[in-house]
Structure formats: C-alpha cells, structure tokens
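K.L.:
These protein sequences, in sequence, are chains A and B. For the first sequence, position 101 (counting from the first letter as 1) is numbered 101 according to this note's numbering, and the numbering increases by one without interruption. For the second sequence, position 244 (counting from the first letter as 1) is numbered 244 according to this note's numbering, and the numbering increases by one without interruption. Where a beta carbon is used, it is the ideal one built from N, C-alpha and C, also for glycine. Predicted, not measured: the structure shown is a model, and the values here were computed from it. Supplied in structure tokens, the structure appears directly below.
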Amino acid sequence: MSTTVPAAEGPLTDEGLVQLLTPTGERVHHPEYDAWAADLDADRLRAMYRDMVLTRRFDTEATSLQRQGELGLWAQSLGQEAAQVGSGHALAPQDHVFPSYREHGVAHVRGLEMTDLLRLFRGVDHGGWDPAAHGFHLFTLVIGSHTLHATGYAMGVQRDGLVGTGDPTRDTAVVTYFGDGATAQGDVSEALVFASVNQAPVVLFCQNNQFAISEPTTRQARVPIADRAPGFGIPSVRVDGNDVLASYAVTRQALERARSGGGPTFVEAFTYRMGAHTTSDDPTRYRTSEQEERWRRRDPIERLRVHLERTGELPEVFQAQLAAESDAFGEHIRTTVRAMGHPASPSMFEHVYATPHAVVDAERAWFTQYEQSFVDHDGRETAGGHR
Amino acid sequence: MTVTGERTAPTTDLPPAPAPAPFPTGTQRLPMAKALNLGLRRALANDPRVLLMGEDIGRLGGVFRVTDGLFAEFGEDRVVDTPLAESGIVGTAIGLALRGYRPVCEIQFDGFVFPAFDQITTQLAKMHYRSRGRLRLPVVIRIPYGGGIGAIEHHSESPEALFAHTPGLRVVSPATAADAFTMIQQAVASPDPVIFFEPKGRYWEKGDVDLDAPLPAPHGGPADLDHARVVRPGTDVTVVAYGPTVATALKAAAAAAADGTSIEVVDLRTISPLDTATIAASVRRTGRCVVVHEAPVLYGSGAEVAARITEECFYHLQAPVLRVGGFHTPYPVSKIEHDYLPGLDRLLDAVDRTLAF
C-alpha cells in the first residue's frame with residue numbers, strides 16, 4: 001500500500017495572500033491593509049530597500065566566508081529579506097524579538113552589529129550579542145522552543161502593565177520568528193495555547209519558506225499553516241512574504257493588536273528559501289531548478305526596486321551611495337570576522353552557573369594545572385605536548 | 001501586579017476564599033508539605049517578582065496541597081493555573097525569567113517532567129552559558145518524586161541523575177520539614193535554575209521548623225544550598241542518603257546502634273553540585289561508605305559518590321563503597337514496590353557486607 005501526498009496543494013497554495021506589491025512591482029490596493037502601509041512614504045520605502053540590499057550583502061559575504069573556511073556553517077536568509085525587513089520595520093524600540101537562526105534581516109533592522117551574528121557560526125561564541133541592547137534575543141537552534149520563551153516574555157509584559165495603556169512609547173509587543181517546519185513541533189502548539197488563554201501580546205511570525213531542510217511544507221501540514229491558529233483562538237493572516245509593504249502592514253496590525261491588549265496574532269509569510277538550508281545542504285537533491293527560477297522571478301528586492309524606479313523614487317545617486325555603502329559593509333564584515341581571534345580554552349568553564357559550583361571550579365583548577373604541565377620553566381610549550 | 005490585556009473573566013460561582021491566616025511564628029512542628037507551603041508563601045510575600053506556575057496549583061492548591069491558600073492570598077496572576085503542558089510551563093517560565101520574574105514551576109509528578117526535559121536541558125540549563133552571563137534564569141522546578149505511596153505508573157520515579165548530569169542545573173532535595181522550608185526559599189533566591197526534588201513519600205512527616213530564623217544566603221555559606229550535612233555522627237560506616245532515604249538511613253543507624261555498630265549519616269541535600277568534601281571527610285573517619293537512593297543504581301548518583309570517594313580517599317577505605325537503590329527495571333507495580341525500594345533491611349544488609357569485607 002502506498003499513500004499519496006499532494007505535491008502542490010494544501011499548504012503550498014498561494015491563495016489568499018495579502019499583497020500590496022505584485023511580483024512585477026505594481027502597487028495594488030487592499031481594502032484592509034492599505035491603511036497599515038499608509039505611513040510608508042518614499043523615504044521609508046528607500047530605507048526598506050537599503051535594509052534589504054544590505055541584508056543580502058551580509059548573507060552573501062557570510063556564505064563566501066564559510067566557503068573560505070572562515071565560518072563553520074552559515075544559514076542563508078537569501079530570498080526572505082522582505083518578510084524580515086518589512087516585519088522588522090513595524091517594530092517599536094521597546095518591542096522584543098525572539099528569532100530562530102535565520103532572521104538576519106530583522107537583526108539588521110534592530111541595529112545589531114551584524115558581525116556579532118557570525119560569532120556563533122565561526123565557533124567563537126554560542127550567542128554573540130547583548131539581547132537587551134536591541135530587544136533581540138539570541139538565536140535559538142532547537143526548533144520552535146523559543147516560541148514559548150516569547151510567549152512567557154509577553155506574559156511578563158502583561159504583568160508589567162505595559163499592554164493597553166494607550167501610550168505608544170510604553171505599550172509593548174513581542175514577536176517570535178520561526179519556520180514552516182517548526183509548526184510541527186509540540187512547543188509551537190503549546191506556545192499557541194499559552195498565548196491564547198493568556199491573551200499574551202505576542203505575534204507568532206511564521207516564515208513559510210517552503211522547506212524544512214529538504215522536506216516541503218506538505219510534510220508538515222495538509223492545510224495552509226495559517227489555518228492552524230484559529231483553532232487555538234488566535235486570528236491569523238497569510239501574507240506575500242516577498243512583498244515588503246504587505247509584510248510591514250500585516251505585522252504592524254498584529255503588533256498594534258498585541259500592544260493594545262487584543263492578544264496574539266499568527267502571521268504566515270509565504271516566501272521561499274532561495275539558498276540552501278545551510279552551507280552543508282544540497283538543494284539540488286530535492287528541488288528543481290525550474291522551481292528556483294520561478295521564485296527568482298518573485299525576488300523581494302527586485303520587486304521593490306522596480307516599483308521605486310517606476311515611481312521615480314530611486315535616484316541614481318541613491319543607488320550609487322548604497323552600492324558604495326554595501327561594498328564598505330562587505331569589507332567590514334570580512335575584516336571583522338578574520339580578526340575575531342581564538343577563545344582561550346579555560347573560557348569553557350565560565351558562566352556555566354551564575355554562582356560558584358564546586359565541580360566546575362575543581363575541573364577548571366585541574367585543567368589549568370594540566371595546561372601548565374606542558375609549559376617548561378622558560379615558559380615555552382614543551383615538545384610532545386597536547387594539540 | 002495587574003495583568004493587562006483583555007481576558008475572559010473567570011467563570012466561577014464559588015464563594016470567595018477565606019482571608020489568609022496570619023503567617024505563623026516561632027518554632028512549629030509541621031509536615032514537610034506545610035513547610036514548603038510556608039516557604040513559598042514567604043517567597044511570594046517578600047518579592048513581587050516571584051510567581052508560581054503549574055497544573056492545578058491555584059484553586060485546588062496542587063494535587064499534594066503544597067500551594068494551598070496561595071491562590072487566594074496572591075491572586076491568579078502570581079499563582080498561575082497553567083494549561084496542561086509541561087514544556088509550555090517551563091518554556092514560558094524561561095520567558096518570564098528573561099523579563100525579570102522568578103517563576104517557580106510545579107511539575108505534578110516525577111514521571112511527567114519529560115515533556116519539559118528539552119526546555120530544561122537545552123534552554124534552561126544553557127541560557128546563562130550561551131549568553132556569556134548576560135542572561136540569568138532564576139527558575140525553580142519543583143518535582144514531587146520517589147515512591148512508596150502505592151501509586152500507579154509514572155507517579156513514583158526518581159529521575160534526579162538525569163538532571164544532575166546536565167551542566168547548568170542545580171539539583172537539590174530536602175529530607176526534613178526544616179530543610180524544606182529553608183531550601184525552597186534559597187532555591188527561589190538563587191540566580192541559577194534549580195531542580196527541586198521533593199520526597200513526596202515524606203510530605204506528611206513532621207519536623208520542627210524555626211519560622212523566624214533568618215534565611216541563609218543561597219550560595220557561599222555553610223548553611224547554603226550547596227552543602228551536605230552530617231545529620232548523625234558515627235564511627236564505623238558512613239551512609240550517604242538524600243531526600244526520602246535520609247529517614248531510612250537514620251532508622252538504620254538507630255537499629256545498628258543496638259547491635260553495637262556506629263553509623264554516620266550524611267544528608268547529601270545537594271546532588272549538583274556534589275559536596276564531595278563533606279562526604280570524604282566522613283569516610284576518612286569511618287573507612288566505609290554505603291550510598292542509598294531510590295533511583296536505579298546503574299549510572300545513578302550513588303555511582304558518582306562511589307567514584308569520587310574512591311578517587312579522594314582510597315587509602316582510607318576498608319571496603320569497597322556499596323550502593324543500595326532501585327533495580328534496573330522500570331518502577332514496578334505498587335504491590336511489590338516495597339521490594340524495589342531500598343528499605344531498612346537492604347540498607348542494613350549493605351552495612352553488614354561492608355563491615356564483613
């Protein structure tokens with residue numbers, strides 16, 4: 001007996017996506033969401049365009065650095081810039097982000113020093129930045145587990161009395177990013193339950209990039225991912241994740257609902273992972289070049305570029321400045337990564353606990369003494385030593 | 001604290017709960033469950049950032065009534081009846097801690113902690129390390145554990161070694177009402193995550209609790225969360241126990257004394273860190289050591305004690321360190337659990353064997 005799985009139906013449908021900018025760069029109107037994008041003037045659109053271009057540059061440089069052996073691994077955001085930059089632009093400074101590990105565009109919009117993201121992939125840090133500094137939590141590699149952290153954090157925001165005060169500088173929302181694969185994890189369902197019954201101010205932002213490594217979304221669901229949330233009592237919306245305007249508009253509405261006390265929202269941003277899952281992956285084994293080409297024609301950056309050029313809002317001088325900025329950014333990334341240095345081995349014993357732990361202390365003392373045993377009286381490492 | 005956001009009003013026709021009784025004072029003879037209740041009550045009263053989370057801990061007061069009355073006194077936003085989802089409880093507790101709260105989670109029974117095992121071991125245990133000390137997770141996970149209560153499957157287990165094997169967690173277990181009162185407050189005050197194993201078979205055994213004594217610092221002093229304690233001095237054999245087996249060890253010591261054997265009982269109190277110094281000092285005096293716990297002996301915490309004693313006081317040992325504990329079987333049906341659990345006779349048998357070596 002064999003089972004048949006539909007190849008291009010169910011979760012893969014692009015029916016019902018909120019769209020404000022077509023793949024050919026044409027601005028189309030939406031009765032509900034035009035209002036949520038009304039504050040996007042030419043300056044804001046150029047800022048989004050710049051952020052998407054720089055995010056892609058960052059991603060391209062990181063991929064190259066991995067190929068050169070400077071990074072152990074890299075998870076590309078290629079193709080997902082609109083979903084990330086659009087939603088990121090809707091955030092207020094006091095909001096808090098719980099990313100998975102591919103949200104480089106959101107990190108860029110939040111103002112992180114982008115090379116800090118590379119510390120994890122270079123193997124010099126498990127984290128790499130101060131989450132409080134930019135309201136951007138550390139990357140979480142155990143798929144879906146951070147959606148519960150985001151929900152709990154949002155329950156804390158409620159207890160701090162920072163929901164529904166009517167003060168836009170105080171009301172706070174939390175957003176968590178995850179993928180289509182994560183929605184199969186129990187933790188994501190539990191996050192939906194906790195967010196719903198507590199009416200927590202959290203936006204659950206799913207980037208459906210069509211693949212969990214090699215498995216298409218059809219291996220995670222039989223219906224569009226967004227359809228799950230209403231069963232939990234959470235409103236959901238499907239958005240064209242390659243449309244930065246629409247991604248901004250739906251996220252802004254969802255965040256505003258959260259901040260005003262209206263509870264959680266589930267966003268499914270329908271997009272495509274144009275690159276590999278990571279630099280260790282080989283997409284040619286599970287998808288066709290025809291499919292990749294189809295999505296290349298929906299490129300999120302190209303779409304906004306065409307729109308801005310058509311409306312005369314992308315002057316050549318801006319483009320030239322951006323190209324120069326991008327080149328300088330690339331140089332900065334390469335230089336910074338190569339200068340990251342080597343962590344000292346005894347640092348592995350640091351921060352296991354916030355307070356002294358007898359076993360860790362004893363093992364550190366032993367290790368230090370062991371290391372010292374390879375150093376002769378002149379301070380040189382002896383022949384036949386370790387490494 | 002008022003939780004904001006539109007929520008459905010609680011649907012209940014129940015009459016309002018009676019006003020909480022004043023906090024008792026002086027030294028009182030209390031069951032361990034009541035001592036834990038008062039410790040949690042004091043922690044809630046002293047720090048508005050402390051909150052309790054778990055299944056049925058609110059209006060019901062928990063299936064063992066450890067949180068009895070706290071819902072009425074501190075309200076539903078600080079004594080939180082959670083959805084029935086252990087990973088969700090611990091995962092949201094982590095988020096609350098990241099926001100500055102100090103959650104105390106109740107896992108209803110030992111055998112139900114495993115849905116939360118991923119959150120505890122991959123997230124709770126590692127966040128401080130991952131963030132290079134920038135993020136602290138002062139979360140307490142309370143787990144009623146151990147057997148001897150005639151329960152059905154999954155309600156009598158002792159999984160402490162699984163957590164002690166995880167760097168980043170502190171694992172402790174009180175054996176008396178007095179320690180329960182103090183240690184639960186120290187666990188709440190600790191900046192590290194603490195897995196707090198409560199010997200449910202001893203919940204109703206009474207002991208004197210000084211309710212006015214100042215709380216010792218959670219770490220960094222002799223009465224802290226990190227030290228074992230000699231609870232009965234002796235000269236012939238050291239018996240190392242913790243949680244539910246400390247009372248067993250004390251009974252064994254009393255019985256052995258009648259036969260002229262002097263047993264020193266060490267209450268481990270903390271499984272991680274392991275207070276090797278206190279155990280080793282005892283074994284250097286007695287020359288013999290038996291470790292007793294309810295968990296299976298294979299890869300259990302007793303194996304760690306035995307290994308460290310062998311490393312630290314090999315030349316003081318008159319006999320191999322012996323372990324007494326559960327067998328390498330799933331926890332058996334309750335009608336025969338008394339033969340699975342390390343009771344008085346099996347402990348005394350091990351004492352006799354180490355003396356006869």
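With H, G and I counted as helix, E and B as strand and the rest as coil, what does DSSP make of Ser-279 of chain A?
P.N.:
With the sequence shown as reference, residue 279 of chain A is identified as Thr, and Ser is not the correct amino acid for it. Thr-279 of chain A: coil per DSSP, three-state reduction.
K.L.:
Starting from Tyr-101 of chain B, find everything on chain A with Cβ-Cβ shorter than 8 angstroms and list it in chain order.
P.N.:
Gly-156, Arg-159
K.L.:
Using a threshold of 7 angstroms, state whether the C-beta atoms of Glu-337 of chain B and Gly-147 of chain B are closer than that.
P.N.:
In this structure, Gly-147 of chain B lies closer than 7 angstroms to Glu-337 of chain B by Cβ.
K.L.:
Can you list, in chain order, the residues of the segment 121-141 of chain B whose Cβ is nearer than 7 angstroms to any Cβ on chain A?
P.N.:
Within the segment 121-141 of chain B, contact with chain A at the beta-carbon level (separation under 7 angstroms) is assigned to Thr-122, Gln-123, His-128, Tyr-129, Arg-130, Ser-131, Arg-132, Gly-133, Arg-134, Leu-135, Arg-136.
K.L.:
For Met-114 of chain A, which three-state DSSP category applies?
P.N.:
helix
K.L.:
Looking only at C-alpha atoms, which of A:Gln-220, A:Cys-206, A:Gly-275 sits nearest to Thr-288 of chain A?
P.N.:
A:Gly-275
K.L.:
Which residues of the segment 82-93 of chain B have a Cβ closer than 7 angstroms to any Cβ of chain A? Give them in chain order.
P.N.:
Pro-83, Ala-85, Ser-87, Gly-88, Gly-91, Thr-92, Ala-93
K.L.:
Is there a Cβ from chain A that is less than 7 angstroms from the Cβ of His-219 of chain B?
P.N.:
Chain A places a beta carbon closer than 7 angstroms to that of His-219 of chain B, counting this residue as a contact.
K.L.:
Could you compute how far the alpha carbon of Val-90 of chain B sits from the alpha carbon of Ile-120 of chain B?
P.N.:
Cα-Cα distance, rounded: 7 angstroms.
K.L.:
Check whether the segment 165-179 of chain A and the segment 85-95 of chain A touch, using three or more Cβ-Cβ pairs below 8 angstroms as the test.
P.N.:
As far as the Cβ criterion goes, the segment 165-179 of chain A touches the segment 85-95 of chain A, which means the pair count is three or higher.
K.L.:
Mind checking Ser-189 of chain A: buried by the 16 CB within 10 Å criterion, or exposed?
P.N.:
Buried, since its Cβ has 16 or more Cβ neighbours within 10 Å.
K.L.:
If distances are taken between C-alpha atoms only, which option among B:Ala-281, B:Asp-275, B:Val-324, B:His-316 comes closest to Tyr-299 of chain B?
P.N.:
When only C-alpha atoms are compared, the closest one is B:Val-324.
K.L.:
Looking at C-alpha atoms only, which residue of B:Tyr-203, B:Val-80, B:Ser-334, B:Asp-345 is the closest neighbour of Met-32 of chain B?
P.N.:
B:Tyr-203
K.L.:
Show which residues of chain D have a CB atom less than 7 angstroms away from the CB atom of Tyr-49 of chain A.
P.N.:
In summary, chain D is missing from the structure at hand, where the protein chains are A and B.
K.L.:
Near Tyr-331 of chain B, which residues of its chain fall below 6 angstroms by C-beta distance, leaving aside the five closest residues on each side in sequence?
P.N.:
Ser-156, Glu-157
K.L.:
State yes or no: is the C-beta of Gly-287 of chain B within less than 7 angstroms of the C-beta of His-328 of chain B?
P.N.:
no
K.L.:
One question on the structure: do Leu-51 of chain B and Pro-103 of chain B come within less than 7 angstroms of each other, judged by their Cβ atoms?
P.N.:
yes
K.L.:
Output the distance between the C-alpha atoms of Asp-352 of chain B and Arg-346 of chain B, rounded to the nearest integer angstrom.
P.N.:
10 angstroms
K.L.:
State yes or no: is the C-beta of Val-194 of chain B within less than 7 angstroms of the C-beta of Thr-245 of chain B?
P.N.:
no
K.L.:
Does chain B have any CB closer than 7 angstroms to the CB of Leu-21 of chain A?
P.N.:
no
K.L.:
Which term fits Asn-209 of chain A, buried or exposed, when burial requires 16 or more other beta carbons within 10 angstroms of its beta carbon?
P.N.:
buried
K.L.:
Please list the terminal residues of the continuous alpha helix (DSSP H) segment that includes Arg-364 of chain A.
P.N.:
358-372
K.L.:
Taking only three categories from DSSP, how would you classify Val-5 of chain A?
P.N.:
In this prediction, Val-5 of chain A has a pLDDT of 43, which is less than 50 and means its spatial position is unreliable; nothing more can be read from the coordinates.
K.L.:
The alpha helix (DSSP H) with Val-85 of chain A in it runs from where to where?
P.N.:
81-89
K.L.:
Could you compute how far the alpha carbon of Val-202 of chain A sits from the alpha carbon of Arg-310 of chain A?
P.N.:
37 angstroms
K.L.:
Do the segment 328-340 of chain A and the segment 242-253 of chain A meet, that is, are 3 or more Cβ pairs less than 8 angstroms apart?
P.N.:
no
K.L.:
Just verifying my parser: in three-state terms, what is the DSSP assignment at Lys-206 of chain B?
P.N.:
strand
K.L.:
Looking only at DSSP bridge pairs, what is Cys-313 of chain B linked to?
P.N.:
DSSP output for Cys-313 of chain B lists no bridge partner at all.
K.L.:
Going along chain A in order, which residues have a C-beta closer than 9 angstroms to the C-beta of Gln-186 of chain B?
P.N.:
Chain A residues near Gln-186 of chain B: none, gap ~11 angstroms exceeds 9 angstroms.
K.L.:
Could you please give the first and the last residue of the uninterrupted beta strand (DSSP E) stretch that includes Glu-294 of chain B?
P.N.:
289-296
K.L.:
Distance cutoff 7 angstroms, beta carbons only. Does Phe-194 of chain A sit that close to anything in chain B?
P.N.:
yes
K.L.:
Assuming Asp-180 of chain A and Ile-225 of chain A are in contact, meaning their beta carbons sit under 8 angstroms apart, how far apart are those beta carbons, in whole angstroms?
P.N.:
6 angstroms
K.L.:
Taking Leu-204 of chain A as the query, report the chain B residues whose CB atoms sit under 8 angstroms from its CB, ordered along the chain.
P.N.:
The premise fails here: Leu-204 of chain A is roughly 13 angstroms from chain B at the closest Cβ pair, so nothing lies under 8 angstroms.
K.L.:
If you compare alpha carbons, which of A:Gln-80, A:Thr-183, A:Asp-130, A:Leu-314 is closest to Glu-103 of chain A?
P.N.:
A:Gln-80
K.L.:
DSSP three-state call for Asp-267 of chain B: helix, strand or coil?
P.N.:
In this structure, Asp-267 of chain B counts as strand in the three-state DSSP scheme.
K.L.:
Which residues in the same chain have their Cβ closer than 7 angstroms to the Cβ of Gly-100 of chain B, if we skip the five residues on either side of it in sequence?
P.N.:
Around Gly-100 of chain B: Arg-49.
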